[in-house]
Each structure stands twice: as structure tokens, then as C-alpha cells.
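A.B. asks:
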Amino acid sequence: MSQQCCPNCGSTDIETDAQRGDAVCIQCGTVLEENAIVNEVTFAQDAGGGSQVVGQYVAATPGVGSSGLGFKESRELAFNNGQRHISQLAAALRLAEHHQEAAQRLFMLAVQHNFIQGRRTQHVIAACLYTVCRKEKTPHLLIDYSDVLQENVYLLGSCFLKFTRLLSLTLPIIDPSLYIHRFASRLEFGDKTHLVSMSALRLVQRMKRDWIQTGRRPSGICGAALLIAARVHGFRRTQREVVRVVRICDVTLRKRLTEFAETPMGALTARQLESADIEAFPAADPPSYTRNRQAEVAQQLALTVTDEQRQRERQLLELRQLKVAQIRTRLAELGEDVTASETEEQQEKLMAELNEDLETLDDEVEGYLITDAEEVQLKKRVWEEMNRDGSKAERVA
Numbered sequence: 146m147s148q149q150c151c152p153n154c155g156s157t158d159i160e161t162d163a164q165r166g167d168a169v170c171i172q173c174g175t176v177l178e179e180n181a182i183v184n185e186v187t188f189a190q191d192a193g194g195g196s197q198v199v200g201q202y203v204a205a206t207p208g209v210g211s212s213g214l215g216f217k218e219s220r221e222l223a224f225n226n227g228q229r230h231i232s233q234l235a236a237a238l239r240l241a242e243h244h245q246e247a248a249q250r251l252f253m254l255a256v257q258h259n260f261i262q263g264r265r266t267q268h269v270i271a272a273c274l275y276t277v278c279r280k281e282k283t284p285h286l287l288i289d290y291s292d293v294l295q296e297n298v299y300l301l302g303s304c305f306l307k308f309t310r311l312l313s314l315t316l317p318i319i320d321p322s323l324y325i326h327r328f329a330s331r332l333e334f335g336d337k338t339h340l341v342s343m344s345a346l347r348l349v350q351r352m353k354r355d356w357i358q359t360g361r362r363p364s365g366i367c368g369a370a371l372l373i374a375a376r377v378h379g380f381r382r383t384q385r386e387v388v389r390v391v392r393i394c395d396v397t398l399r400k401r402l403t404e405f406a407e408t409p410m411g412a413l414t415a416r417q418l419e420s421a422d423i424e425a426f427p428a429a430d431p432p433s434y435t436r437n438r439q440a441e442v443a444q445q446l447a448l449t450v451t452d453e454q455r456q457r458e459r460q461l462l463e464l465r466q467l468k469v470a471q472i473r474t475r476l477a478e479l480g481e482d483v484t485a486s487e488t489e490e491q492q493e494k495l496m497a498e499l500n501e502d503l504e505t506l507d508d509e510v511e512g513y514l515i516t517d518a519e520e521v522q523l524k525k526r527v528w529e530e531m532n533r534d535g536s537k538a539e540r541v542a
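What follows is the structure in C-alpha cells.
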């Protein structure tokens, strides 16, 4: 320190305080060093005769054991608590030791980034473990964590997404094939479990080529593939049984079946599905594209029907206006022709002719009006175009 020189005044009269880690120029008061960190451990004697460490301890790992005794203890306590919960959750899900270690490292990052602040520890450890499962491609779903922890699956999903964004993690897309054997074993196919699973795997690969898998939850793809594969091998599994195993709603399952029915392979029989080469069929359009085209056709049909009705109404209005004009002209002529000298018989004859014209007008009007049967047929055509998916789903199931 005696060789230090003040950059402000050039004085070498520097006073140092090892306990605080400060260095101050005596001449001008410039602080040359503040909170200096040294790698030597020194001790000083206090007023009571005891010894204490000079300075403060800074841990090598940031976040865990940082400066400040209370701060250090709270973070170490949170980290140790998280490690214990990770071990318990991993054991319940039958995850390997290296999965636990990877999740503990992620939890340390969560502690360092203060991600645990304001969140339940159960949600954070679930996010860490599920991230490891996604990286390692294990057959675990987020709903499995929800069952073990008895937590809302949507809350776990929200925490998981925020955690991956925080660490800028890029995870692989879930492959439904990972869960086929797991779900097939729960549907009790007996000795044919492997055969049904292999058929379902072929169907999953075909759905992937036909864009059915893209943007969809893997459970729905697995459910549709297993239901079709079960029918191929002679098992009469109901939609309710499949829904209960794969943990989806019946509407989702019917949608996946409908989308498969729209593909070229959807028109094959059970025997043809088993022996067909999935590579030989051309890839179908994405379901969203097909659905939009069908909606456009139905909308165009509805517009066409509306245009026809408007044209008929316009023609009917013109006809009515024409007939009213004719009747008024005839009434005017009768008013001029009828005199007091005409007999009652002539007046009755003129009124009969007028009534005949009115009856003719009513007959023509009825011809231009749409009947109930025609309206039913038009509405039926529109409904069938807009609800083609429902009938096809029933046919596939």
C-alpha cells in the first residue's frame, strides 16, 4: 500500500482499512479501493479478547451462499428444500438418478435467477423435472406430475413455459410414439399388446405424414391410433375406455378420428390397414386447410341459397306491384263505366271478373313462394356441408 499513488493529487500518503477493505488518500480524501476482495483469511481481536474474521465471505457459486449471512442461509435452505422434493417426486415417477441430478442443477439456476420468488416450490421442481424429461424423451406427461402432486395441470404448464423462457431453452417436440406402449398396456390387450402397439405406431407415423400430429397433444394422437389399431385386431374397445386411459375428452378423440377419415388411408378396411404400405399413399392436406376449404364451400352454398331467395322475393314484389296496378286500372274503368242506368246483373258480372283476377294473382304468388319442403331441403344441404366431420367420425369409430 505504501507504493500506491493517488491519481488525483499524486500523494503517497494512503490509509488502508483491512477490515473494511478500503484505501483512502489522506491529502485529498479520494477513495482508492472499496470492498476489496482478497484470497487470504485474516483475523482480528475484538474488544472482548476474541478473534473474528476480517472482511466478509463471498461464495464461489453465485446465488447460493452469497454475501450476507441471512441471504446465504435463506438461499441454501431453499436449495436444500428443493433437492429433497426433487428426490421425492423423481422416486414417485420412477426417474433415474441422472434425471434427479439434472433437475437439481436446473433448480439451482431457478434459485439464482430468483424464479422461486412468489411461486410454490412444487411448481418449480415439477418444471425442472419435466424439462429434463422432455430433453431425455422419457414417456412422461405433464398430467403425470399433476396426479402425483395433486396440482392443477394448467398451473404446472404455465410455470414450465415461464421457466423455459427464462433460461431460453429449446426443447424437442413431443413424439406420440413414446407413449403408445404405455397406453396399450393399460387397455388390456393380453398377448396381442405388442401387435396392437406396432399397428398403432404405424398409424402414428401415417398421421405425422398427413399433418395430423402437428400442433396437437400427443395423447389425442395416441388415443385415435390405439382405437383404430384395436379394431383392426378384433378388440371392441369403446371410445370411453380409450378416453379414460389416455386422459383426453371424447370430443378430442372424435376430432382425431375425423381427421384420419379425411386422409387416403381413412377409406381402407381393417385388413387393408394392416397390410397397406403407409409410404405408398400420398400425403393429405393439413386438417386445418381442409376444414377451411369445407367452411368456404358451405358459406358459398349458403350465400347461393340466400341469393336465390332474394331473387324470388324481388320477382314476387314486382309481380305484386304489377297486379295491383292492373287491379287499380280495372277498378277505375269500372267506376267510370258503371252508371245508375246499368242493371244489377251487369254489376255482378264485372265484380265476378275482378274476383277472378284476384284469384289468379293468388295462384301466381303461391308459385313464387318457397314451400316448406323446399326450405327443408335447402337447409339440409347447408347443414350437411357444414357438419360433414361428425358423420365421418361416427363411421370411423
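Take the position in the sequence shown, starting the count at 1, then add 145; the result is the number in the numbering used here.
Think of the CB as a built atom: it goes at the ideal place given N, C-alpha and C, for glycine as much as any other residue.
None of the values given here were measured: they were computed from a predicted structure.
Which word fits Gln262, buried or exposed, when buried means at least 16 other C-beta atoms lie within 10 angstroms of its C-beta?
C.D. replies: Exposed: under 16 other Cβ atoms inside 10 Å.
A.B. asks: Measuring only the C-alpha atoms, how far is Thr157 from Cys151?
C.D. replies: Spanning the two alpha carbons is a distance of roughly 6 angstroms.
A.B. asks: Helix, strand or coil: how does DSSP classify Cys150 here?
C.D. replies: It is coil, neither helix nor strand.
A.B. asks: Can you tell which of Arg279, Gln233, Asn225 and Cys367 has the C-alpha that lies nearest to the C-alpha of Leu332?
C.D. replies: It is Cys367.
A.B. asks: What separation, rounded to the nearest whole angstrom, lies between the Cα atoms of Pro363 and Ile357?
C.D. replies: Cα to Cα, the separation comes out at about 11 angstroms.
A.B. asks: Is Thr121 near Thr309, with beta carbons less than 8 angstroms apart?
C.D. replies: The requested residue 121 does not occur in the structure, where the chain is confined to residues 146 to 542.
A.B. asks: Check each candidate in Arg465, Gln228, Met410 and Cys394 and name the one with the smallest Cα separation from Ala425.
C.D. replies: The shortest C-alpha separation from Ala425 is found at Met410.
A.B. asks: Secondary structure at Cys394, three-state DSSP: helix, strand or coil?
C.D. replies: DSSP places Cys394 in coil when its eight states are reduced to three.
A.B. asks: Could you tell me the distance, in whole angstroms, from the CA atom of Thr206 to the CA atom of Lys337?
C.D. replies: In this prediction, Thr206 has a pLDDT of 49, which is less than 50 and means its spatial position is unreliable; what the coordinates show is noted afterwards. The alpha-carbon atoms of Thr206 and Lys337 are separated by roughly 54 angstroms.
A.B. asks: Could you pull the start and end residues of the beta strand (DSSP E) that Ala412 belongs to?
C.D. replies: Neither: Ala412 is in no beta strand (DSSP E) and is coded neither H nor E.
A.B. asks: Any idea if Leu251 is buried or exposed, counting beta-carbon neighbours within 10 angstroms, 16 or more meaning buried?
C.D. replies: With 16 or more Cβ atoms within 10 Å of its Cβ, Leu251 is classed as buried.
A.B. asks: Need the endpoints of the beta strand (DSSP E) that Leu177 sits in, please.
C.D. replies: Note, Leu177: beta strand (DSSP E), Val176 to Glu178.
A.B. asks: What does the Cβ neighbour count give for Ser342, buried or exposed, with the cut at 16 atoms within 10 Å?
C.D. replies: Buried: at least 16 other Cβ atoms inside 10 Å.
A.B. asks: Just to confirm, are Val390 and Phe328 a CB contact at a threshold of 8 angstroms?
C.D. replies: In this structure, Phe328 lies closer than 8 angstroms to Val390 by Cβ.
A.B. asks: Considering Cα atoms alone, identify which of Leu348, Thr435 and Ala428 is closest to Ser420.
C.D. replies: Cα-wise, what sits closest to Ser420 is Leu348.
A.B. asks: Do you know how far the Cα of Arg265 is from the Cα of Cys278?
C.D. replies: Their backbone Cα atoms lie some 20 angstroms apart in a straight line.
A.B. asks: Taking its Cβ as the centre, do 16 or more other Cβ atoms sit within 10 Å of Tyr324, making it buried, or is it exposed?
C.D. replies: Burial call: buried.
A.B. asks: Mapping the DSSP letters down to three states, classify Thr161 as helix, strand or coil.
C.D. replies: Three-state DSSP puts Thr161 in a strand.
A.B. asks: Among Asn259, Asn297, His285 and Leu301, which has the Cα closest to the Cα of Ala271?
C.D. replies: Closest by alpha carbon: Leu301.
A.B. asks: Would you check if the distance between the CB atom of Gln384 and the CB atom of Leu371 is smaller than 8 angstroms?
C.D. replies: Taking 8 angstroms as the Cβ cut-off, Gln384 and Leu371 do not qualify as a contacting pair.
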